[in-house]
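J.: Chains F and Z are the protein sequences, given in the same order. In terms of the numbering used here, the first sequence opens at residue 12 and continues consecutively. In terms of the numbering used here, the second sequence opens at residue 812 and continues consecutively. Yeah, the Cβ is synthetic: ideal placement off N, Cα and C, and Gly gets one too. The structure that follows is given in the form of structure tokens.
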Amino acid sequence: MHDADSIVVERQDFAGLFEILRSLGYAVVGPTVKDQAIVYDQLSQVDDLPIGWTDEQEAGHYRLRRRNDAALFGYAVGPHSWKKFLHPPRLRLFQAERSEDGAMVFKQEPVEAPKYAFLGVRSCEAHAIAIQDRVFLEGAVADPTYRERRIGALLIAVNCGFPSSTCFCHSMKTGPGISQNTKVDIELTELLDDEGHRFVFQARSQKGQTIVDRLPARRTTRGDLDAAEALVAEATETMTRELNAEGVRDLLYANLEHPRWDEVADRCLTCANCTMVCPTCFCTTVEDVTDITGDHAERWRRWDSCFTLDFSHMPGGSSRQTSKSRYRQWLTHKLATWHDQFGTSGCVGCGRCISWCPVGIDLTEEIQVMGQSTQGVPSS
Amino acid sequence: MSETGQSKPKLAVWKFASCDGCQLSLLDCEDEFLAVSEVIEIAHFSEATRRSVPGPYDLSLVEGSITTPADAERIQRVRAESRYLVTIGACATSGGIQALRNSRDVGEMASVVYASPEYLDVLETSTPIASHVSVDFELRGCPVNKHQLLEVILAFLHRRKPNIATHSVCLECKARDSVCVMTAKGIPCLGPVTQAGCGAICPAYNRGCYGCFGPMESPNCAALSAQWKAMGVSDVDIVRAYRSFNGYAEAFRVESERHESI
């Protein structure tokens, strides 16, 4: 949250942020209304933001709704996440040519790294990016595309004032407010009250400081800081869903044969939507393509999912034939084995997998049911 | 060298009971098709040329379903003359829209449609090619996607596995940034139970998926139907949705019958 170093930018001066970002060579991407949802896309001006819009979310349900004010950030997260910019859905990895003497010549793909400014990153999303940082950058081999895009990216985070009913970041300790140790470049809070429509800005990195310093601003008052704090406190209060983050890893390990997995399998479509919208799911597959002559080949990487049969295809076929085994793989990786593999949970409580599941499967409900009828004694 | 001893592999395209749309997808490849014809001999393709070279053939693409006794015999000859046989489209892989008759009395339907039904010599059912002969690869779609068709031909040519995904349409929707029409707009969509391949066209234009590519690898139609019913879709409309181009494909057929009996 903000401290005394923060500044206040009035609504009419907010456009200045876009000018500063453009002058520094950033491509601004952020929330905008498209296709009856708030998605992440290129933004060229303040008016591209979802002004006066909010969302209504439930399991398997998302609807845009009008707000009765002109807030710029008065909604929760939508179907997109920032991973589509840092970890593109389709990417050519290399090309190969057959030379005249018949030898294969490999051509390394240049890493394309647009310089992005992410405007409107929520606390849960900043945590999701930190999780993908561990996956892509902190292992034995760093992913070059992710690395270049991540280094260039500027994270302008917004304290979340309007979580949806599918959100449970508070119980995952990833939001709704941006904590001091969350890695972002700028933290802002939108305030809309009797004191006017304004934004509390605070630089959280050197990169962020150079931008904040150029904004037309006044110093914050005690009233501004109290209002910002109250907004996050209220957001926390409104969150209805929760997940017991502390005990979930051991609970899952103790219940790998729980009958609830069969019940979920009856409802699960294995359509992979949950993994596509998840801001931390990172799995991919590669495809080799050839041209007509056969002298030119390319290898492409594309998002894949543990819900597809091909994903676990080994000699003899897919090792996860049933939807039960695939759902269990996803949930236990996300909430249990992720801890063992990467040292944190793979879930940030953003609720996307709940809202965007076509049949509304809710992982918080599944965990709750399993907790109430645990088959083994969770031990750590 | 081809399997048949010719310098270029020989391609044949065959038509059974169908609308010709999948063959048109091959012609629609245009520039690529010309390039293909430089490395593959188009030995038999009535939609494109009157010239027909006798078999055997290295690769046969078969469009259409088996609906007559004569075709049931003809497909045996095509199989015998073909090193590889690939079916293209919903008719050839699941019986097509004409398989609607499989749950009705053909004689009764013919008497309503035709002035002199006694001249007809048809089978009781419309069935996929694989019900009659062994098939090396089935390419889905109504019609097939031309890029996928080209991919199958190139994979055959270069002796590699074709990159044809069997997962749901949803992955294609997400890859092209479409917003889910079911969750955000309340539009019933068959995408979660339908195989990818079209590029998720309909949801990108605010329509639910029609299931043109048939059931995906692990379809849970019952769960999707339950959600449709919760959205207010009637059993009659659920039957209609499943009973279209791929209505005779096992998963869709079973689901439509389940709702017909309710």
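(1) Please tell me whether Z/VAL990 has its Cβ less than 7 Å away from any Cβ of chain F.
(2) If you draw a straight line from the C-alpha of F/GLY85 to the C-alpha of F/MET287, how long is it?
(3) Does the CB of F/ARG278 have a neighbour CB from chain B at under 7 Å?
(4) Taking a contact to mean a Cβ-Cβ separation below 7 Å, would you say Z/TYR1059 touches Z/ALA910 in this structure?
(5) Is the beta carbon of F/PHE318 within less than 6 Å of some heavy atom of the ligand MN?
(6) Kindly indicate the opening and closing residues of the beta strand (DSSP E) around F/THR301.
(7) State buried or exposed for Z/MET812, treating a residue as buried only when at least 16 other CB atoms are found within 10 Å of its CB.
(8) Tell me which residues share the same chain as F/PRO100 and place their Cβ nearer than 8 Å to its Cβ, disregarding the 5 neighbours each side in the sequence.
(9) What residues in its chain sit with their C-beta under 8 Å from that of F/PHE25, if we drop five residues either side in the sequence?
(10) I'd like to know if F/GLU377 contacts chain Z, where contact means its C-beta is closer than 7 Å to some C-beta of that chain.
(11) Span of the alpha helix (DSSP H) holding F/TRP367?
(12) Measuring only between beta-carbons, confirm whether F/SER34 sits less than 7 Å from chain Z.
(13) 7 Å is my cut-off, CB to CB: does F/GLN47 come that close to chain Z?
(14) I'd like the list of long-range same chain contacts for Z/ASP839, defined as Cβ closer than 8 Å, with 5 residues on each side in sequence excluded.
(15) Are F/LEU254 and F/PHE179 close, meaning C-beta to C-beta below 7 Å?
(16) Could you tell me whether the Cβ of Z/HIS978 comes closer than 7 Å to any Cβ of chain F?
(17) From Z/ARG1064 to Z/ASP1048, what distance separates their C-alpha atoms?
(18) Counting pairs of Cβ atoms below 8 Å between the stretch 1037 to 1048 of chain Z and the stretch 958 to 975 of chain Z, do you hit three or more?
(19) Going by C-alpha distance, which of F/ALA283, F/ARG278 and F/SER316 is nearest F/THR296?
(20) Specify the secondary structure class of F/THR343 as computed by DSSP and reduced to three states.
(21) Whose C-beta lies closer than 6 Å to the C-beta of Z/ILE899 among residues of the same chain, with five residues either side of it excluded?
(22) Buried or exposed: where does F/GLY328 fall if 16 or more other Cβ atoms within 10 Å of its Cβ makes it buried?
(23) Establish whether the CB of Z/LYS957 and some CB of chain F are separated by less than 7 Å.
(24) What's the gap between the Cα of Z/THR879 and the Cα of Z/PRO939?
(25) What residues from chain Z crowd round F/GLU298, counting only those whose CB sits closer than 7 Å?
(26) Residues of chain F with CB under 8 Å from Z/PRO954, in chain order?
(27) Report yes or no: do the stretch 188 to 208 of chain F and the stretch 269 to 280 of chain F share at least 3 C-beta pairs separated by less than 8 Å?
(28) Does the stretch 973 to 984 of chain Z come close enough to the stretch 996 to 1011 of chain Z that 3 or more CB-CB pairs lie under 8 Å?
(29) Pairing CB atoms from the stretch 989 to 996 of chain Z with CB atoms from the stretch 912 to 922 of chain Z, are three or more of them under 8 Å?
(30) For chain F, is any of its Cβ atoms less than 7 Å away from the one on Z/HIS943?
(31) Closest to F/VAL169 by C-alpha separation, out of F/SER55, F/ALA87, F/ALA114 and F/SER182, would be which residue?
(32) Nearest to Z/ALA903 by CA position, among Z/LEU961, Z/ALA926 and Z/VAL944, is which residue?
(33) Just by C-beta distance, which residues in the stretch 346 to 371 of chain F are closer than 7 Å to chain Z?
(34) Where does F/ASP52 sit, in a helix, a strand or coil, going by DSSP?
(35) Tell me whether Z/GLU929 sits in a helix, a strand or coil according to DSSP, three-state version.
(36) Classify F/GLU30: buried if its beta carbon has 16 or more other beta carbons within 10 angstroms, exposed otherwise.
T.: According to the structure shown:
(1) Yes - at least one Cβ of chain F is within 7 Å of the one on Z/VAL990.
(2) Our two residues, F/GLY85 and F/MET287, have alpha carbons roughly 24 Å apart in a direct line.
(3) The chain inventory of the structure shown lacks chain B, comprising the protein chains F and Z.
(4) yes
(5) Only the bare structure without any ligand can be found here, which leaves the ligand MN out of the picture.
(6) Looking at the DSSP string, the run of the beta strand (DSSP E) that includes F/THR301 is 295 to 301.
(7) The predicted model places Z/MET812 with a pLDDT of 45, which falls under 50 and marks its position as unreliable, so this point remains unresolved.
(8) ARG313 and TRP314
(9) Taking F/PHE25 as the centre and dropping the five residues before and after it, the same chain places the C-beta of VAL57, LEU83 and PHE210 closer than 8 Å to its C-beta, in chain order.
(10) Proximity of F/GLU377 to chain Z, defined by a Cβ-Cβ separation below 7 Å, is not satisfied.
(11) F/TRP367 -> no alpha helix (DSSP H), and no H or E assigned at all.
(12) By this cut-off, F/SER34 is not an interface position.
(13) yes
(14) LYS957
(15) yes
(16) It does: the Cβ of Z/HIS978 has a partner Cβ on chain F nearer than 7 Å.
(17) 14 Å
(18) no
(19) F/SER316
(20) helix
(21) CYS833, LEU872, GLU874, LEU950 and VAL955
(22) It counts as exposed.
(23) no
(24) The straight-line gap from Cα to Cα measures roughly 12 Å.
(25) ASN974
(26) The contacting residues do not exist; Z/PRO954 stays about 22 Å from chain F at best.
(27) no
(28) Touching, yes, given that three or more Cβ pairs across the two stretches are closer than 8 Å.
(29) They do not touch, by the three-pair rule.
(30) no
(31) F/ALA87
(32) Among Z/LEU961, Z/ALA926 and Z/VAL944, the Cα nearest to that of Z/ALA903 is on Z/VAL944.
(33) SER366, TRP367, PRO369 and VAL370
(34) strand
(35) helix
(36) Classified as exposed, F/GLU30 has fewer than 16 neighbouring CB atoms from the shown chains inside 10 Å of its CB.
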